[in-house]
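Mapped onto our numbering, the consecutive letters of the sequence shown carry residue numbers 687 to 1251. Only one structure is covered here, and it is reproduced in the block below.
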Amino acid sequence: MATWRRKALALLPDLRRDLQRPGFSVRKLRLCWREGRTRRGTAPRERARSPPPIGFGIRPLDARDEPTDNGGGEAFAASRIVRKIYRIQGYAIMKTAFTLLLFIVTLAAAARGPAAEKPNIIFIMADDLGDTDLACFGSKYYETPNIDRLASQGMKLLSHHHCQNCAPTRAALMSGQYAPRTGVYTVGSIDRFDWRQRPLRPVDNVTKLPLDRATIARQLKRAGYATGMFGKWHLGGMRRYHPEKRGFDEAIVSQGAHFDFATNPKTDYPKGQYLADFLTDRAVDFIRRHHEHPFFLYLPHFGVHSPHHAKQELIDKFKDKPAAGGHSNATYAAMIASVDESVGRVMQTLDELGLADNTVLIFTSDNGGVGGYAREGLKKAGGVTDNAPLRSGKGSLYEGGTRVPFIVRWPVVTKPGSVCETPTIHVDIYPTLLELAGAPRPEQTLDGESLAPLLCDASARLRRDAIFQHFPGYLGAGRGFWRTTPVSLIQSGDWKLMEFLEDGRLELYNLRDDIGETKNLATEMPDKAKNLHARLVAWRTQINAPMPTKNDPNAPPDAKTAQGR
C-alpha cells in the first residue's frame, strides 16, 4: 500500500470520533469543503493579501479557537478535523484528496445518520427594529441578553440591508427578487401620500406577492421540510395569498395590535396576552411537534412596530433608567425586551430538544428604526428611537432606513463571536437557505447570491461586488415633508451612490469613512460617481426597472404606469 494511503488510514479512526460530535453533519462538511476549495482558487493577488484558508472554509488554529462556554469548543474541534484532513491531503494529489473526502463523508453519514443531513432553519424578524437597537449592536439603554448571547455564539453581519419599509422586504425574502421584479415597493397604494404636488408620478405599487412566485417556504417544503409561519405576513392575507397557500404547512397571521389582537385564521388565546408571547407559544409548539424531522420556522414579530404598547412589568424595569445615546423610551425598551424574550425561549427549546447544533438560527429586522428624523429636519423632536450614527430612519434609503442588525448562528460553521463587513441584502437570503437545505431552485430568477461562503469564513469574497435598491415612489413625513423621494442606489464595497430621480442629483458616500453620510463626494470624485452611476443604470436596464413618469396634472385619476415585472 502506498505511504500516503497508510498514513491516511491511520488518521481515519480519530476523524470518525471527531465527526460523531454533536453539530457535525455531511451537509456542513460538503458546504465548507466547497467554500474552502473556492477560496483556494482565488487570484494570486488575493492570496497574497490574506493567508490561504486551511480548508473547509476554516482558518488555521490559534488562541482564539480555544474552547469556550459559548460554542468555541466545537469550532476548535472543527479546526482539528481540518488539520487532520490537510495532513492527509499532503500525502496525495488533489484527485486523491477528493476521493478521501468522499470516504470521510461516508463515515460521517454512518456516524450521524440521515437526520443530520439537513439543518433546521429558524428565521426570526422584528418589525421596525433599528440597527443600533440591540446591546450587541451598540445600545447602552436597551437590554437584549438573549440576542446578545446569540451573537456571541454566531456571526454578526454588519452591513446587511433591507428595504426602507416592511412589505418590500418581506416580498424580497419570500421571492428572492428585487422590488422591480415583484412590483412590491412599499405599503399600500401610491395615494397613501400626496404625490400630486411633486414633479413625478410614482410607479403603481403591488400590494400582494404575485401568485406565480415560488416562495422560499414552498421550495423548502419540496426538500422535505415542515414549514410554519407565525406573525406579520403583509403580502396578501386572504384566500390564495395567505401563507398557508404559499408554501407554509401551517400559519397564523397577526399584526396591528399588541393586545386584544386579531388572528387569521381566528385563534383563541388567553385574555390580556401580549402578541409577542402568543406568537412565541405557537413557534415553540411547532418546534416541539416537528423536532424529529427538518423544519423551517418563520417568526416575523409585529414588535416593535407602533402602536407602542408593552407589558407593564417590563415598562417599570426601564422607566427610571438614564437615557443613553438617543435611547430613552421605556415602553419601546420594554417592547424590545419582549422580542428578546421570544428569542431566548426559542433558543431554550432548541437546547432542551438537542436541536441547537443542527439548527441555523437567524435574527434580523425588516427595516431601519423609527428615528433620526429631527436631524433631517423632518420633525421638531426625535422619534421613538435613534439610529445614530446612521442617517435618517425607516422610510429613507439612507443607512438609517435600510441597514439592519443581522445575526446567524450555525454551530461549527459560523465562528462564535465573528463579524462580517461584506455588504449583503435581502435577496441573498433565499439562495442561502436553498443551499443550506439542499432545496431545488425555483423557475423564477433569483437576484441574490448565497451567503454560505461568508458563514464559513467572514473574510470570503462573493462573486458579485455590488448590491442595489430602486424605489420609484414617495414616502411622506407629515405635510410638506418627505422621508424619501424617488431614488435608486448602488453600493459597491465601501462606496454608495444614490440617484434622486426628480432632478438626477447624485450623492456619493464612502461608508467606511463616513457612516453617517454627511459628506457628498460626487463633485470631488466625478470619475467614481460616473462609474457607479453607469453600473446603476445598467442594472436598472437589465432588471427592467419601471421608472416614475412626469406628473401630468391633466392626466385622468386612474392613469396607470407600468407595474413591476
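Positions of the beta carbon are idealized from the N, C-alpha and C atoms, including for glycine.
Residue interval of the alpha helix (DSSP H) (run including Lys1003): Taken as a continuous stretch (DSSP letters only), the alpha helix (DSSP H) holding Lys1003 covers 998-1004.
Among Ile1153, Ile807, Thr818, Gln941, nearest to Lys907 - alpha-carbon criterion: Ile807
CA nearest to the CA of Leu1186, picked from Val1173, Arg1147, Asp1180, Gly840: Note on identity: in this sequence residue 1186 is Phe, with Leu being the wrong assignment. Nearest option by C-alpha distance: Val1173.
Per DSSP, cross-strand counterpart(s) of Glu1185: Partner residues in the beta bridge of Glu1185, as assigned by DSSP, are Ser1174, Leu1192.
Chain-order list of residues whose beta-carbon lies under 6 Å from that of Leu1064 (same chain, five-residue window excluded): Excluding sequence neighbours, Leu1064 sits near Ala1163, Phe1167.
Stretch pair the region 864-878 + the region 1145-1161: three plus CB contacts closer than 8 Å: Because the criterion of three Cβ pairs below 8 Å is met, the region 864-878 and the region 1145-1161 touch.
Backbone secondary structure at Cys822 - three-state DSSP: helix
Outcome for Arg899 when other beta-carbon atoms lying within 10 angstroms are tallied against a minimum of 16: buried
Stretch-stretch touch, CB-based, cutoff 8 Å, three pairs: the region 1043-1051 with the region 1091-1100: yes
Pair within 7 Å by beta-carbon distance, Asp1199 and Ser1178: no
Inter-residue Cα distance where the pair is Arg769 and Met860: Confidence is the limiting factor: at Arg769 the pLDDT is only 47, short of 50, which leaves the residue's position unreliable, though a coordinate-based value still follows. In a straight line, the C-alpha of Arg769 is about 39 Å away from that of Met860.
Reduced DSSP category for Lys1236 - H, G, I as helix; E, B as strand; rest coil: strand
Beta-carbon proximity check, Tyr1116 vs Leu1140, cutoff 7 Å: No, they are not a contact pair.
Residues near Ala937 in its chain [Cβ-Cβ closer than 6 Å; skip 5 each side]: For Ala937, where only same-chain residues beyond five positions count, the Cβ hits under 6 Å are Met915, Pro929, Glu930.
Three-state class that DSSP yields for Leu906 in the structure shown: helix
Sub-7 Å separation of Leu1197 and Leu1183 beta-carbons: With a cutoff of 7 Å on beta-carbon distance, Leu1197 and Leu1183 are scored as not near each other.
Per DSSP, the bridge partner or partners of Cys849: Beta-bridge pairing links Cys849 to no other residue.
Gln941 in three-state terms, based on DSSP: coil
DSSP state of Tyr640 mapped onto helix, strand, coil: Only positions 687 to 1251 of the chain appear in this structure, which leaves residue 640 out of reach.
Rounded Cβ spacing between Gly917 and Pro986 (contact assumed at less than 8 Å): 4 Å between Cβ atoms; contact.
CB of Tyr911 within 7 Å of CB of Phe982, strictly: yes
DSSP state of Phe934 mapped onto helix, strand, coil: It is coil, neither helix nor strand.
Nearest neighbour of Arg1165, chosen from Phe823, Pro831, Met811, Arg878 [CA to CA]: Arg878
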